[in-house]
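In this note's numbering, the protein residues as written are -7 to 161.
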Amino acid sequence: MRPTILIKDAAYEACRVYKLSPPFKTDQFLVALQEERELYIEMQPQLMPDGTFGLCVAESKTQYVIFYHSLSSLLHREATIWHELGHIFFDHVTPRRNRFRLKAGYDPQRALSVFHDTAEDYEAELFARTMLRYALGYNTPDYDRSLAARQRDPQRESQLKHFFDELAS
Ligand SMILES: [Zn+2]
């Protein structure tokens, strides 16, 4: 597992390379990551079993799908996407590592047994928190996802609503 400081540094360095300074939106990072790595990341809302909020699958070396729970809150959905982007960013997900084949679409029950590597989830989650905090321009030592979810921010929620409406259309 990478040390905490390296994960944070990698996240900040990516923003520097992608010329993103806070505040920026999730989709700006998404576009930059796709361009730099020459890959395509599709977003799929999906009903998921309890306790699962997201999943990332590599369909090929250049094609990824991020599934996010379609009924979670907008803020939670965004945090989920950052977490899954962390898995892509750190190359945790490759077609060889999917460990199951996507045949007739997505099977949440089978997917539950996939990607439960603690070290990789730690990296992805720390990446997500670092990026959320940075993207929002929060100057606090650690972004608290649950606190942010409780604080209502109508302007930010309407931005996110727009983002997820676009993804769904
Ligand atoms: Zn994960």
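Virtual Cβ for every residue (Gly too), placed ideally from N, Cα, C.
**OP:** Taking 8 Å as the cut-off, decide whether the C-beta atoms of Thr18 and Ile73 are in contact.
**Re:** One-based indexing of the sequence shown puts residue 18 at position 26. One-based indexing of the sequence shown puts residue 73 at position 81. Against a cut-off of 8 Å, the Cβ pair of Ile73 and Thr18 comes out as a contact.
Original post:
Taking DSSP as the reference, what is the three-state secondary structure of Glu115?
Top reply: Taking the first residue of the sequence shown as 1, we reach residue 115 at position 123. DSSP places Glu115 in helix when its eight states are reduced to three.
**OP:** Can you tell me which of Arg125, Leu67, Pro87, Ile80 puts its alpha carbon nearest to the alpha carbon of His154?
**Re:** Taking the first residue of the sequence shown as 1, we reach residue 154 at position 162. Residue Leu67 is the option with its Cα nearest to His154.
Original post:
Quick one: Cα of Asp113 to Cα of Pro146, how far?
Top reply: Position 121 of the sequence shown, counted from the first residue, corresponds to residue 113. Position 154 of the sequence shown, counted from the first residue, corresponds to residue 146. C-alpha separation (whole angstroms): 30 Å.
Subject >> heavy atom of ligand 1 below 7 Å from Ala50 C-beta >> reply: Within the sequence shown, residue 50 is the residue found at index 58, counting from 1. Not so, every heavy atom of ligand 1 lies at least 7 Å from the Cβ.
Subject >> Closest by C-alpha distance to Phe16, when choosing among His79, Arg148, Glu149, Ala127 >> reply: Taking the first residue of the sequence shown as position 1, residue 16 is located at position 24. For Phe16, the closest C-alpha among the options His79, Arg148, Glu149, Ala127 is that of Ala127.
Subject >> His165 Cβ short of 7 Å to ligand 1 heavy atom set >> reply: Residue 165 lies beyond the range of the chain shown here (-7 to 161); nothing can be said about it.
Subject >> Same chain, Cβ closer than 7 Å to Thr54, neighbours up to 5 away in sequence not counted >> reply: Here residue 54 refers to the residue found at position 62 of the sequence shown. Around Thr54: Glu30, Leu31, Tyr32.
Subject >> Close-in-space but distant-in-sequence residues of the same chain around Lys0 (CB under 6 Å, 5 per side omitted) >> reply: Numbered from 1 along the sequence shown, position 8 holds the residue referred to as residue 0. Excluding residues within five positions, the ones whose Cβ falls inside 6 Å are Thr122.
**OP:** Give the secondary structure of Phe59 by DSSP, where H, G and I count as helix, E and B as strand, and everything else as coil.
**Re:** Numbered from its first residue, the sequence shown carries residue 59 at position 67. If DSSP states are grouped into helix, strand and coil, Phe59 belongs with the strands.
Subject >> Pocket of ligand 1 defined by Cβ to heavy atom distance under 5 Å >> reply: Chain-ordered, the residues whose CB falls short of 5 Å from any heavy atom of ligand 1 come out as Asp113, Ala116.
Subject >> Under the three-state DSSP convention, the category Ser52 falls into >> reply: For the purposes of this step, residue 52 is identified with residue 60 of the sequence shown, where counting begins at 1. Reduced to three states, the DSSP call for Ser52 is strand.
Subject >> Integer Cβ distance of Cys48 from Val9, believed to fall under 8 Å >> reply: To locate residue 48, count along the sequence shown from 1; it is residue 56. To locate residue 9, count along the sequence shown from 1; it is residue 17. Their Cβ separation, rounded to whole angstroms, is 22 Å, which puts Cys48 and Val9 out of contact at 8 Å.
**OP:** Specify, as a first and last residue, the run of the beta strand (DSSP E) that Tyr32 falls within.
**Re:** To locate residue 32, count along the sequence shown from 1; it is residue 40. Annotation for Tyr32: the continuous beta strand (DSSP E) segment containing it runs 32 to 38.
Subject >> Neighbourhood of Asn131 by C-beta, 7 Å cutoff - its chain only, sequence neighbours within 5 removed >> reply: In the sequence shown, counting from the first residue as 1, residue 131 sits at position 139. The predicted model places Asn131 with a pLDDT of 49, which falls under 50 and marks its position as unreliable; any figure quoted below should be read in that light. Exclusion of the five residues before and after Asn131 leaves no residue of its chain whose Cβ lies closer than 7 Å to its Cβ.
Original post:
Going by the beta-carbon positions, is the gap between Phe119 and Phe81 smaller than 8 Å?
Top reply: Counting from one through the sequence shown, the residue named residue 119 turns up at place 127. Counting from one through the sequence shown, the residue named residue 81 turns up at place 89. Yes, these two residues count as a Cβ contact at 8 Å.
Original post:
Looking only at its own chain, which residues have a Cβ that is under 7 Å from the Cβ of Pro37, when we skip the five neighbours before and after it?
Top reply: Taking the first residue of the sequence shown as 1, we reach residue 37 at position 45. For Pro37, the CB contacts under 7 Å within the same chain, skipping 5 residues up- and downstream, are Tyr60, Ser62, Ala160 in chain order.
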